[in-house]
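Numbering (our numbering), first residue to last: 11 to 99.
Think of the CB as a built atom: it goes at the ideal place given N, C-alpha and C, for glycine as much as any other residue.
Just so it is clear, the structure is predicted and the values come from calculations on it, not from any experiment.
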């Protein structure tokens, strides 16, 4: 009895899985997942404010990286100066 139930569940599971796989293959072949116009439409319908915000955000991130790099260089120079001053003393 239990063996028959397990066998039946296995067959039904395989049939359902095969059906879902066929539906997925059909959808992929018929172009259901293609969205080639998304990028083009995104560029066309972006407002000037959105583009300016993106430019400003990129500029701010570059400035932040540069200031962080400069501060790290200054810290390294300070450490070297302390080492030199300690050796002299």
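Our two residues, residue 40 and residue 12, have alpha carbons roughly 42 Å apart in a direct line.
The beta carbon of residue 43 lies closer than 8 Å to those of 37 in the same chain, with the five residues before and after it left out. Between the C-alpha atoms of residue 78 and residue 89 there is a straight-line separation of about 17 Å. Per DSSP, the unbroken alpha helix (DSSP H) holding residue 19 starts and ends at 12–39. Per DSSP, reduced to three states, the secondary structure at residue 63 is helical. Residue 84 and residue 57 have their alpha carbons spaced roughly 41 Å apart.
Here the C-alpha atom of residue 29 lies approximately 23 Å from the C-alpha atom of residue 14.
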